[in-house]
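J.: To start, I am sharing the structure in question, which I have written as structure tokens.
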Amino acid sequence: MFGDIFNAQFVASSIRVAIPLALAGLGGVFSERSGVINIGLEGMILTGAFTAVAVTNFAGNPWVGVLGAILVGIFLGLIHAVTCITFKANQIVSGVAINLFASGITIFFCWLLFGETQIMVKSSLPIWGLPLPNIGEG
Numbered sequence: 000m001f002g003d004i005f006n007a008q009f010v011a012s013s014i015r016v017a018i019p020l021a022l023a024g025l026g027g028v029f030s031e032r033s034g035v036i037n038i039g040l041e042g043m044i045l046t047g048a049f050t051a052v053a054v055t056n057f058a059g060n061p062w063v064g065v066l067g068a069i070l071v072g073i074f075l076g077l078i079h080a081v082t083c084i085t086f087k088a089n090q091i092v093s094g095v096a097i098n099l100f101a102s103g104i105t106i107f108f109c110w111l112l113f114g115e116t117q118i119m120v121k122s123s124l125p126i127w128g129l130p131l132p133n134i135g136e137g
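Under numbering that gives the first Met the number 0, the residue at position 2 of the sequence shown is numbered 1, and the numbers go up by one with no gaps.
Take a look at the structure:
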């Protein structure tokens, strides 16, 4: 039974899906080392992902979408840092506010730009197979 569920394809897809969360965790470690608790990482991921989709849709270039996502992530991180360090706001409250803001603003702009409250995206980027023994293809 477990052999059917936990096969190489399952492990490979689990690693692929876990990469964004691992990168957010790495960002949280850097934030924690600088002295700011960043609870708003999930909101930054959500806003960056939406920005990447929207900018790629209108610009036609996925790298411009990635650049837009990076800029939005920098902007939200700057807002969190300024509210916590300059204005001495509670870091947890600021992070939760970023999460709530991201949840609302992405749905609003999705409705405003696309006329729907959710986006179904068909991946146009190729998926690379890694020749790793017992994990990847090959």
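All C-beta atoms, glycine included, are put in the ideal place defined by N, C-alpha and C.
DSSP on Gln117, reduced to helix/strand/coil?
T.: Three-state DSSP puts Gln117 in coil, outside helix and strand.
J.: So, with DSSP's three-state summary, where would you put Ser13?
T.: DSSP places Ser13 in helix when its eight states are reduced to three.
J.: Given this structure, state the Cα-to-Cα distance separating Gln117 from Gly27, to the nearest angstrom.
T.: Taking the straight line from one Cα to the other gives about 27 Å.
J.: With a Cβ-Cβ cutoff of 8 Å, do Pro19 and Ile44 count as a contact?
T.: In this structure, Ile44 lies closer than 8 Å to Pro19 by Cβ.
J.: Just the C-alpha distance for Pro93 and Phe49, rounded to the nearest angstrom, thanks.
T.: The amino acid occupying residue 93 in the given sequence is Ser; Pro does not appear at that position. Approximately 21 Å between the Cα atoms of the pair.
J.: How many whole angstroms separate the CB atoms of Leu75 and Gly39, which I take to be in contact at a CB cut-off of 8 Å?
T.: With a Cβ gap of about 7 Å, Leu75 and Gly39 count as contacting.
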